[in-house]
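**Q** Take a look at this one; I'll ask things after.
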Amino acid sequence: MSYDLVVIGSGPGGYEGAIRASQNGLKVAIVERELLGGICLNWGCIPTKALLKSAEVFDKINHLGDYGLTGEKPGFDFEKVIARSRAVAKQLNGGVGYLMKKNKIDVIEGFATLEPGKDAPKVRVKLNKGGEQVIEAKNVMLAVGARAREIPTIGAVSDGERIWTYRNALTPKAMPKSLVVIGSGAIGIEFASFYRSLGADVTVVEAMDRILPVEDKEVSAEAQKAFEKRGFKFRLGAKVTKVEKTAANVKVSVEVGGKAETLEAEGCIVAVGIVANTENLGLEKLGVEMDRGHIKNDSHGKTNVKGLYAIGDCAGPPWLAHKASHEAVHAADYMAGKKLSNLNPPIPGCTYATPEVASVGITEQGAKEKGLDVKIGRFPFKANGKAIAAGEPGGFVKVIFDKKTGALLGAHLIGANVTEMVQGFCLAITMEATEEDLQGTVFPHPTMSEAILEASLDADGRMINL
1 MSYDLVVIGS GPGGYEGAIR ASQNGLKVAI VERELLGGIC LNWGCIPTKA
51 LLKSAEVFDK INHLGDYGLT GEKPGFDFEK VIARSRAVAK QLNGGVGYLM
101 KKNKIDVIEG FATLEPGKDA PKVRVKLNKG GEQVIEAKNV MLAVGARARE
151 IPTIGAVSDG ERIWTYRNAL TPKAMPKSLV VIGSGAIGIE FASFYRSLGA
201 DVTVVEAMDR ILPVEDKEVS AEAQKAFEKR GFKFRLGAKV TKVEKTAANV
251 KVSVEVGGKA ETLEAEGCIV AVGIVANTEN LGLEKLGVEM DRGHIKNDSH
301 GKTNVKGLYA IGDCAGPPWL AHKASHEAVH AADYMAGKKL SNLNPPIPGC
351 TYATPEVASV GITEQGAKEK GLDVKIGRFP FKANGKAIAA GEPGGFVKVI
401 FDKKTGALLG AHLIGANVTE MVQGFCLAIT MEATEEDLQG TVFPHPTMSE
451 AILEASLDAD GRMINL
């Protein structure tokens, strides 16, 4: 069987790239070894947000008095909390199946490997139902994603019982009383936030000297204060030397400032990054160029092998679903000879904890390292009417402008619902907005988004409401 495009992997990048290719008139097949929607919809982005929503509601119920309300002492059914998350994932998995049918995309269930071909590599699929299928195509798009990184040398390997990666943390058999989370990136912090909300004693271990190390330093510091107020414990600048199970718990040995310490808890979550799923695909035989485990590609997603594209996590950082989707849609337009979308859009990053963190563009320390002459504005939510009324006064908005041109270079937010606010900054950077553009924009009142205007005004010392 022959296609114009075969997509391997059906995560957000894979299935959205397949849909765009079909919209462009190409005959498309998609190969998936497990569940349509990939890690994001089934084991990552979506089910974790379902868990975090349950945690957010539980937190609110525990503070009814703050809003003049009363009620019985709240509780939770942990099995039902997990079941709701899985139901949400199942619903979206079914939605991707519907989209494949709607767009006349053939779904082939199995594990794909690549072999030399004419226009592009041949795709040999070991079918889940048994047997094999060989597919020829004019183009092949690798959207195979990544998996949790584990460290066997120190015992940081999931056993599904007490030592977890994100998959285990999404479907635990019981609610743990205590957890050690190794890694304070978005994944580690989100799980720490969820389990802490439900009452677990949580200690987060981070090798760097601050949490959320990819974020602006001010945001990292504010986040740590907020999390500590919620009862988080942190070990920063810590090297994990050993993870071992005992009869009833897990021991995590760390070194902090040259001093050894052993942390003990019912469970341990390993959240130390990802590894691209590039093994056993036949890439070596094809001579595909690699870079530290990731597939090298150009600005259109093309690899060095004719007809072979790579997008998303398998092609390098940032390891974000929305980045994969953009790359895939762009590649599908490129191979069809269509007008291309923005080549280098700003890629936002979000952490859906309590409080939320969101950012796009350069950080203050990044600007200094590049020698950029910038001016910075800030506005705290404690001076924002909507935030005060909502009982969410924590956090702030921080903006970074080029001092000479006024161009918006970066924005960094922490507080309630900021993951829904950062897109305004993404649009502004994409459209090359300046501080003057933001300062001249009318923001609805009362909204937390007014902090964007105030922070922009503060960059010129003209803040009004503080």
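Counting along the sequence shown from 1, when you hit position 295 you're at 295 in the UniProt record's numbering, and nothing is skipped either side.
By construction, the Cβ of each residue, glycine as well, lies at the ideal position given by its N, Cα and C atoms.
Treat the numbers as computed from the prediction; the structure is a model and nothing was measured.
1. In or out: Tyr309 buried (at least 16 other Cβ within 10 Å) or exposed?
2. Output yes if chain B places a C-beta closer than 8 Å to the C-beta of Val374; else output no.
3. If you draw a straight line from the alpha carbon of Val288 to that of Ala416, how long is it in whole angstroms?
4. What residue range is occupied by the uninterrupted alpha helix (DSSP H) comprising Ala206?
5. What first and last residue would you give for the alpha helix (DSSP H) that runs through Val88?
6. Enumerate in chain order the residues of its own chain whose CB-to-CB distance from Ala332 is below 6 Å, with the five nearest sequence positions on each side excluded.
7. Roughly how many angstroms lie between the CA atoms of His326 and Glu261, to the nearest whole one?
8. In terms of alpha-carbon separation, which member of Gly231, Pro444 and Gly377 lies closest to Leu198?
9. State the beta-bridge partners of Trp164 as determined by DSSP.
10. Tell me whether Thr354 sits in a helix, a strand or coil according to DSSP, three-state version.
11. Bridge partners of Tyr195, per DSSP?
12. Does DSSP put Met1 in a helix, a strand or coil?
13. Buried or exposed: which applies to Glu215, given that a residue is buried once 16 or more other Cβ atoms fall within 10 Å of its Cβ?
14. Report the CB separation of Val360 from Cys268 in whole angstroms; it is logged as a contact under 8 Å.
15. Output the boundary residues of the beta strand (DSSP E) element that contains Asn139.
16. Find out if the Cβ-Cβ distance for the pair Phe191, Ala207 is shorter than 8 Å.
17. What three-state label does DSSP hand Ser178 in the structure shown?
18. Determine, using beta carbons only, whether Val272 and Ile182 come nearer to each other than 8 Å.
19. Relative to the C-alpha of Ile452, which candidate in Leu92, Pro380 and Val270 has its C-alpha closest?
20. With 16 as the cutoff for other CB atoms within 10 Å, does Ile388 come out buried or exposed?
21. Nearest to Ser341 by alpha carbon, out of Pro12, Lys323, Gly97 and Gly130?
22. Can you tell me whether Asp458 is buried or exposed, with buried defined as 16 or more other CB within 10 angstroms of its CB?
23. Just reading off the beta strand (DSSP E) that Ile414 is part of, what are its end residues?
24. Since Ala143 contacts Gly11 with CB under 8 Å, what's their CB separation in whole angstroms?
25. Closer than 6 Å by C-beta to Asn103: which residues in its own chain qualify, once you throw out the five before and the five after it? Chain order, please.
26. Taking buried to mean at least 16 other C-beta atoms within 10 Å of its own C-beta, is Ile8 buried or exposed?
27. As a quick exercise: from Ala328, Glu454, Ser85 and Leu281, pick the residue whose alpha carbon is nearest that of Lys382.
28. In or out: Gly117 buried (at least 16 other Cβ within 10 Å) or exposed?
29. Measuring straight from C-alpha to C-alpha, what distance separates Asp313 and Leu320?
30. What are the start and end residues of the alpha helix (DSSP H) that includes Ala18?
31. What is the DSSP secondary structure of Ala459, counted as helix, strand or coil?
32. Looking at C-beta atoms only, is the number of pairs between the segment 274-288 and the segment 132-148 that lie closer than 8 Å three or more?
33. Short check: CB of His294 to CB of His330, under 8 Å?
34. Does the Cβ of Met290 have 16 or more other Cβ atoms within 10 Å, making it buried, or fewer, making it exposed?
35. Just reading off the alpha helix (DSSP H) that Glu222 is part of, what are its end residues?
36. Is it buried or exposed, Ile464, if we count other Cβ atoms within 10 angstroms and call 16 or more buried?
**A** Considering the structure as presented:
1. Reading the sequence shown from its first residue, position 309 is the one you call residue 309. Around the C-beta of Tyr309, 16 or more other C-beta atoms lie within 10 Å, and the residue is accordingly described as buried.
2. The question asks about chain B, but that chain is absent: this structure has only one protein chain.
3. For the purposes of this step, residue 288 is identified with residue 288 of the sequence shown, where counting begins at 1. For the purposes of this step, residue 416 is identified with residue 416 of the sequence shown, where counting begins at 1. So the alpha carbons of these two residues sit roughly 44 Å apart.
4. For the purposes of this step, residue 206 is identified with residue 206 of the sequence shown, where counting begins at 1. Correcting the residue identity first, residue 206 is Glu in this sequence and not Ala. Element bounds for Glu206: not the alpha helix (DSSP H) but the beta strand (DSSP E), Asp201 to Glu206.
5. Numbered from 1 along the sequence shown, position 88 holds the residue referred to as residue 88. Element bounds for Val88: Phe78 to Lys102.
6. Along the sequence shown, read from residue 1 onward, the residue named residue 332 stands at position 332. Cβ within range, chain order: Gly17, Arg20 and Ala21.
7. Your numbering for residue 326 matches position 326 in the sequence shown. Your numbering for residue 261 matches position 261 in the sequence shown. For the pair His326 and Glu261, the Cα-to-Cα distance works out to about 44 Å.
8. As a first step, residue 198 is located in the sequence shown; it is residue number 198 there, counting from the start. The candidate whose alpha carbon is nearest that of Leu198 is Gly231.
9. Looking up residue 164 in the sequence shown gives position 164. According to DSSP, residue pairing for Trp164 in a beta bridge involves Ile269.
10. Start at 1 with the first residue of the sequence shown, and residue 354 comes out as number 354. Reduced to three states, the DSSP call for Thr354 is coil.
11. By 1-based counting over the sequence shown, the position of residue 195 is 195. DSSP output for Tyr195 lists no bridge partner at all.
12. Walking along the sequence shown from the start, residue 1 turns up at place 1. In this structure, Met1 counts as coil in the three-state DSSP scheme.
13. By 1-based counting over the sequence shown, the position of residue 215 is 215. It counts as buried.
14. Taking the first residue of the sequence shown as position 1, residue 360 is located at position 360. Taking the first residue of the sequence shown as position 1, residue 268 is located at position 268. Not quite, the Cβ-Cβ distance comes to about 32 Å (not below 8 Å), so this is no contact.
15. In the sequence shown, counting from the first residue as 1, residue 139 sits at position 139. Secondary structure note for Asn139: its beta strand (DSSP E) is the uninterrupted segment Glu132 to Leu142.
16. Numbered from its first residue, the sequence shown carries residue 191 at position 191. Numbered from its first residue, the sequence shown carries residue 207 at position 207. Cβ atoms of Phe191 and Ala207: not closer than 8 Å.
17. Reading the sequence shown from its first residue, position 178 is the one you call residue 178. Three-state result, Ser178: strand.
18. Here the question's residue 272 lines up with position 272 in the sequence shown. Here the question's residue 182 lines up with position 182 in the sequence shown. In contact: Val272 and Ile182 (Cβ atoms closer than 8 Å).
19. Translated into the one-based positions of the sequence shown, residue 452 becomes position 452. The option with the nearest alpha carbon to Ile452 is Pro380.
20. Your numbering for residue 388 matches position 388 in the sequence shown. In summary, Ile388 is exposed, with fewer than 16 beta-carbon neighbours lying within 10 Å of its beta-carbon over all protein chains present.
21. If you number the sequence shown from 1, residue 341 lands on position 341. The shortest Cα separation from Ser341 among Pro12, Lys323, Gly97 and Gly130 belongs to Lys323.
22. Here residue 458 refers to the residue found at position 458 when the sequence shown is read from its first residue. It is buried - the Cβ of Asp458 has at least 16 other Cβ atoms within 10 Å.
23. For this step, residue 414 is matched to residue 414 along the sequence shown. Per DSSP, Ile414 belongs to the beta strand (DSSP E) from Leu408 to Gly415.
24. As a first step, residue 143 is located in the sequence shown; it is residue number 143 there, counting from the start. As a first step, residue 11 is located in the sequence shown; it is residue number 11 there, counting from the start. Their Cβ separation, rounded to whole angstroms, is 6 Å, which keeps Ala143 and Gly11 in contact under 8 Å.
25. Here the question's residue 103 lines up with position 103 in the sequence shown. Result list for Asn103: Ile19 and Ser22, in chain order.
26. As a first step, residue 8 must be located in the sequence shown, where it is residue number 8. Result: buried.
27. Taking the sequence shown and counting its residues from 1, one reaches residue 382 at position 382. When only C-alpha atoms are compared, the closest one is Glu454.
28. Within the sequence shown, residue 117 is the residue found at index 117, counting from 1. Gly117 should be labelled buried.
29. Counting from 1 along the sequence shown, the entry for residue 313 is found at position 313. Counting from 1 along the sequence shown, the entry for residue 320 is found at position 320. Going from the Cα of Asp313 to the Cα of Leu320 covers about 7 Å.
30. Start at 1 with the first residue of the sequence shown, and residue 18 comes out as number 18. Pro12 to Gln23 is the span of the alpha helix (DSSP H), which, as asked, contains Ala18.
31. For the purposes of this step, residue 459 is identified with residue 459 of the sequence shown, where counting begins at 1. Of the three classes helix, strand and coil, the one that applies to Ala459 here is coil, per DSSP.
32. yes
33. Position 294 of the sequence shown, counted from the first residue, corresponds to residue 294. Position 330 of the sequence shown, counted from the first residue, corresponds to residue 330. Not a contact, by the Cβ cut-off of 8 Å.
34. Here residue 290 refers to the residue found at position 290 of the sequence shown. By the neighbour-count rule (16 or more Cβ atoms within 10 Å), Met290 is not buried but exposed.
35. Your numbering for residue 222 matches position 222 in the sequence shown. Element bounds for Glu222: Lys217 to Lys229.
36. Sequence index remark: in the sequence shown, residue 464 carries index 464 (1-based). Ile464 should be labelled exposed.
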